[in-house]
Amino acid sequence: MNGFEYIGKNIGKIDAMALATGQPLFTDDISFPNTLHIKILYSPHAHAIIEDIDTSEAEKIPRVKLILTYKNTPQVLHTTAGQGWPEPSPYDTCMFNKKVRYVGDRVAAVAAETEEIAYEALKHIKVNYKKLPAVFDPEEAMKEGAPVIHDEEGISGVYNPKRNIVSHIEVKAGDIEKGFEESDVVVEDTFEMQYAQHCPIEPHATITYLDEYGRLVIRTSTQVPFHVRRIVAQVLEIPVQNIRVIKPRIGGGFGVKQEIILEEISAFVTLKTHRPARLVYTREEEFVSSRTRHPMKVTVKIGAKKNGIFNAIKMYALSNNGAYGTHGLTVTSNTGSKTLPLYNKAPNIEFIADVAYTNLPVAGAYRGYGATQGYAALEQVVDEIAEKLGMGPAEIRKINHIKVGETSPIFKALGEGREGVTQYIQSEATDKLLELGTKEIGWYEKIRKPAKEATKVRGIGMALLMQGSGIPLIDMGAATIKLNEDGSFNVLYGGTDIGTGLDTVVAQIVSETLGVKPEQIIVYAADTDVTPFDKGAYASSGTFISGGAVYNAALKVREQILEVTKEIFGEFNTKDFILKDGFVISEKSGKKVSLSEIAYQTLYLKKQQQIMATSSFVSDSSPPPFAAHFIEIEVDKETGIITPIKYVAAVDCGVAINPELAKGQIIGSIVNGIGYALTEEYKFSQTGKLINSNFMEYRIPSSRDIPDIKTILVETYEPKGPYGAKSVAEININGPIPAIGNALYNALGIRIHKLPYTPEKVLEALKNKGA
54 MNGFEYIGKN IGKIDAMALA TGQPLFTDDI SFPNTLHIKI LYSPHAHAII EDIDTSEAEK
114 IPRVKLILTY KNTPQVLHTT AGQGWPEPSP YDTCMFNKKV RYVGDRVAAV AAETEEIAYE
174 ALKHIKVNYK KLPAVFDPEE AMKEGAPVIH DEEGISGVYN PKRNIVSHIE VKAGDIEKGF
234 EESDVVVEDT FEMQYAQHCP IEPHATITYL DEYGRLVIRT STQVPFHVRR IVAQVLEIPV
294 QNIRVIKPRI GGGFGVKQEI ILEEISAFVT LKTHRPARLV YTREEEFVSS RTRHPMKVTV
354 KIGAKKNGIF NAIKMYALSN NGAYGTHGLT VTSNTGSKTL PLYNKAPNIE FIADVAYTNL
414 PVAGAYRGYG ATQGYAALEQ VVDEIAEKLG MGPAEIRKIN HIKVGETSPI FKALGEGREG
474 VTQYIQSEAT DKLLELGTKE IGWYEKIRKP AKEATKVRGI GMALLMQGSG IPLIDMGAAT
534 IKLNEDGSFN VLYGGTDIGT GLDTVVAQIV SETLGVKPEQ IIVYAADTDV TPFDKGAYAS
594 SGTFISGGAV YNAALKVREQ ILEVTKEIFG EFNTKDFILK DGFVISEKSG KKVSLSEIAY
654 QTLYLKKQQQ IMATSSFVSD SSPPPFAAHF IEIEVDKETG IITPIKYVAA VDCGVAINPE
714 LAKGQIIGSI VNGIGYALTE EYKFSQTGKL INSNFMEYRI PSSRDIPDIK TILVETYEPK
774 GPYGAKSVAE ININGPIPAI GNALYNALGI RIHKLPYTPE KVLEALKNKG A
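In my numbering, the protein residues as written are 54 to 824.
Set out below in structure tokens:
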């Protein structure tokens, strides 16, 4: 970008060399002497009461040091969701419980001298279960007389536990029924999204130990270190001051590490034994016992006038939260709040949702956070109504999307677990996104219907998207910056780089503000003893919230530097000063002084002080990024296989502080979304057991599955973001499902209403169509 030295530049990740050379950066790269290894016993039943559990034989095994069950662990109800306090998720979970609620629920844990001994001890734990009726379908779960999954005393934050309803959401604007009556065309359709796993390369991993002062230290692969500290303190009933949480490098999060699911067990073992403890999930445990995407059935109904302007939009979402209610209210709120404002021309809007418990694996935070499921339905119904009106998909979107200076009643009515905030769009380039995207994909040349007699048929589809940047008036980040003798700066901030490059973006923000090279910025992040508070890496908040805090702190440091320079120069107007290449320069007199000299002056000589500042940032709005996605696919009518050929993503993320990192996040999101659209799906036995909990049977995209992906960054300036930036990493997962669905319709005239778009479903749809 013109006018900036470091903003808008493709600077390499500051941790790239260490990662490339295999330095011990991740949680499980470091070991301690005398570490105990923890393994967990899981329930084989979907719903049961533990009538008796006998650990005596397991305890006799040499070098087994501790066995945990509900009998000897704190029975503190809490949520595992790493969210801001007070958490909007229900308190419905204990470390161990007498009742198990899905195949994979925790029953016991063994801490032993080796993993092998721990595994052997698990085999000797005898459990007597009383099996209970189970329910696997959310619609059935909410019916009168269905098995009650959470009937324990003390549970809180659940809408109706007797009917297995975690949350109920109902938001209206205008008169929805009158809106449909006054519409010239009305279309309604339903789409059902499946269970899916995040599949980070690094599994959940936690190591705990006592420091030299007897304080508990938790080294863990988490997106939310400060929430880990608070919730572990709550569960173990110890003061927050006795806990330190350290986040090392993270090998992928995608939302699954916004949970506290290992730390309290490992911490409890360390406190009981006074020894280091290690708990690392296997890949099967990641699938079964961590968290998943919320399976969801979404119905969208749109009414429009003859001119294509939407007059009414109604959405109903039924979300399956599995056995516990973590993130249920907020994910499903986002299904409406991140989608419906996109088409703000409709004066009549209704969003209703139910979140249900079932006896299946637990759903939680997953990149897209509910918006993915919402757009999967909304963007296909937009295409359907465009066809009925005889309009093009791009044209109907152009006349209905939200624009700069506009708002939507949904912003205020629907937040994340509570009422939202009024906000007006201050940056947006959606028409340009549609223009550039249609041109790059060759939309108007390829939109013609293909010949029916061809065996392999091509089709194109599009989707329009928006998301958000942080949670307004909830998410807060903080940072501290200090000047060193050589003119370098330490940046201490609480944000979590989970592989996204956030630490690099932070370095660029500080470099631009203080006029030094990124190599002179030492970034240290996410250590609850050392760095200021930050809510963590979620809700598309890294650059906007954490980066905003760093920017504010850098401005304060800049002011301190300029004040000192006034005395050195004998000049009084700091507006004449610039910071560049490690110097403060007076444009008026030509005088200059190095930051190193300023540091020496202030640390050792005149008016001694540490030039440093701490600042926080919280926003009263959540500026949405926008994206227009386009795909060309080829469908084999004989095999049903869908092959993505080319994908185009035109994205407005404000000012991209590091364009290459932004593009990397866009591509990663798209590939993630293509996998969810085409292949990724949990498969269960009739008794609720997951039967494809490995990468042989649960197929994520490989390099040969990835099409040619073209990213186009369209720059806008978001006044509330650091240097005009908005979020980018999450929005783009929302495009592949509807874009592929629309392309499939363009190719063959069929719509598949239950994801994923497998070859079998394509062939079945063709058969039903009579092709």
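We put the beta carbon where it would ideally sit given N, CA and C, even for glycine.
Distance between T411 and H100 (C-alpha atoms, nearest Å): Rounded to the nearest angstrom, the two C-alpha atoms are 10 Å apart.
Beta carbon of N711, beta carbon of G595: below 8 Å? Contact: no.
Helix, strand or coil: which one does DSSP assign to V558? Here V558 carries a helix assignment [DSSP, helix/strand/coil].
Cutoff 8 Å; reference S672; Cβ partners in own chain excluding five residues on either side: S522, G523, P525, L526, D528, F597, I598, G601 and K773, listed in sequence order.
For the segment 295-347, list the alpha helix (DSSP H) runs that are entirely contained and at least 4 residues long, ordered along the chain. Annotation note: the segment 295-347 contains the following uninterrupted alpha helix (DSSP H) runs of length 4 or greater, listed N- to C-terminal: 316-326 and 336-342.
Of the residues M148, H682 and K325, the one placed nearest Y262, counting alpha carbons only: The candidate whose alpha carbon is nearest that of Y262 is K325.
Whose C-beta lies closer than 8 Å to the C-beta of V688 among residues of the same chain, with five residues either side of it excluded? Around V688, the same chain offers K509, V510, R511, G512, I694, I695, T696, L797, A800, L801 and V815 as residues with beta carbons nearer than 8 Å, after the five sequence neighbours per side are excluded.
Proximity of R804 and G794 at Cβ, strictly below 8 Å: A contact, by the Cβ cut-off of 8 Å.
Is it buried or exposed for G267, if we count other Cβ within 10 angstroms and need 16 for buried? G267 should be labelled exposed.
Distance check for I753 and L518, CA to CA, integer angstroms please. In a straight line, the C-alpha of L518 is about 24 Å away from that of I753.
Per-residue burial, R420 [other beta carbons within 10 Å of its own, 16 or more giving buried]: When all chains shown are included, R420 counts as buried.
Classify L526 as helix, strand or coil using the three-state DSSP reduction. L526: coil per DSSP, three-state reduction.
Below 8 Å between beta carbons: does that hold for G198 and Y591? The answer is no: Cβ separation not under 8 Å.
Straight-line Cα distance separating G61 from M54: Model confidence at M54 stands at a pLDDT of 47, short of 50, so the residue's coordinates are unreliable and nothing is read from them.
Whole-number beta carbon distance between S372 and G381, since they are thought to touch under 8 Å: The C-beta distance from G381 to S372 rounds to 6 Å, short enough to meet the 8 Å contact threshold.
To which residues of the same chain is I362 closer than 7 Å at the C-beta, ignoring the five residues directly before and after it? Around I362: K398, I452 and N453.
Just to confirm my understanding: we take N745, look at its own chain, exclude 5 residues before and 5 after, and list those with CB closer than 6 Å. What are they? Contacts found: K736 and Y751.
Please list the segments of the beta strand (DSSP E) lying wholly inside the segment 98-170, counting only runs of 3 or more residues, in order along the chain. Correct list: 101-107, 117-121 and 159-165.
Excluding the 5 residues flanking E616 on each side, which residues of the same chain have their C-beta closer than 8 Å to its C-beta? Cβ within range, chain order: T627.
Just how far apart, CA to CA, sit G552 and V434? Taking the straight line from one Cα to the other gives about 35 Å.
Terminal residues of the continuous beta strand (DSSP E) containing R611? That residue, R611, is in no beta strand (DSSP E); its alpha helix (DSSP H) goes G600 to F622.
C-beta contact flag for S668 and A531 at 8 Å: Yes; because the gap between Cβ atoms is below 8 Å, this pair is in contact.
Residue environment, D204, which counts as buried when at least 16 other CB atoms sit within 10 Å: Exposed, since its Cβ has fewer than 16 Cβ neighbours within 10 Å.
Using 8 Å as the threshold, is the segment 605-613 in touch with the segment 294-311, meaning 3 or more CB pairs across them? Not touching, per the Cβ criterion.
My guess is that I102 and L185 are in contact by the Cβ rule of under 8 Å, so how many angstroms apart are they, rounded? Contact between I102 and L185 holds: their C-beta atoms lie close to 7 Å from each other, under 8 Å.
Using CA atoms only, rank isn't needed, just tell me which of A320, L289, V219 and V277 is closest to T88. Per the Cα distances, A320.
Note down, in chain order, each residue of its chain lying with its Cβ closer than 6 Å to the Cβ of M665, except the 5 sequence neighbours on either side. Short of 6 Å from the beta carbon of M665, and not among the five residues preceding or following it, lie these beta carbons of its own chain, in chain order: K535.
What does a CB cutoff of less than 8 Å around R283 pick up in its chain, not counting 5 residues either side in sequence? So the list reads W138 and V293, once near-sequence residues are dropped.
Tell me the residue span of the alpha helix (DSSP H) that contains K820. Its alpha helix (DSSP H) spans residues P812 to K822.
Pick helix, strand or coil for H454, following the three-state DSSP scheme. Correct three-state label for H454: coil.
Taking only three categories from DSSP, how would you classify V351? Reduced to three states, the DSSP call for V351 is strand.
First and last residue of the uninterrupted beta strand (DSSP E) at A778: Premise fails: A778 is in no beta strand (DSSP E) and is neither H nor E.
If you compare alpha carbons, which of L119, L486 and E432 is closest to K456? For the residues L119, L486 and E432, the minimum Cα distance to K456 belongs to L486.
Can we say the segment 151-162 touches the segment 330-349, given the rule of at least three CB pairs closer than 8 Å? In this structure the segment 151-162 touches the segment 330-349; the number of beta carbon pairs closer than 8 Å is three or more.
In this structure, what does DSSP give as the bridge partners for A680? DSSP, once it has assigned bridges, lists L518 and V704 as partnering A680.
Taking 8 Å as the cut-off, decide whether the C-beta atoms of I260 and P329 are in contact. With respect to P329, I260 sits close: the two C-beta atoms are nearer than 8 Å.
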